[in-house]
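Student: One structure, pasted below without further comment.
Numbering (the working numbering), first residue to last: 2 to 53.
In structure tokens:
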């Protein structure tokens with residue numbers, strides 16, 4: 002199952018697997034929202050994800 006997250010900044014992050022989505026979101030946060038780095042858990046990320 003694929004997952005999609007629409008970030009508040011307008012970025013869309015899509016991945017086929019949960020692990021990949023979490024890694025991509027963590028990288029996006031580190032690059033674009035450094036003030037949030039380390040503050041989001043895997044559960045937080047998956048709660049924002051939509052199955053597609």
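Heads up, the beta-carbon is just placed ideally off N, CA and C, and yes, glycines get one too.
The structure presented is a predicted model; accordingly, all values stated were derived computationally and were not measured.
Candidates 11, 40 and 19: which alpha carbon is nearest residue 53's?
Tutor: 19
Student: Is it the case that the Cβ atoms of residue 48 and residue 5 are separated by a distance below 9 angstroms?
Tutor: no
Student: Based on Cα-Cα distance, which residue from 35, 36, 14 and 37 lies nearest to residue 26?
Tutor: 14
Student: Secondary structure at residue 17, three-state DSSP: helix, strand or coil?
Tutor: coil
Student: Quick one: what's residue 51 bridged to in DSSP?
Tutor: 5
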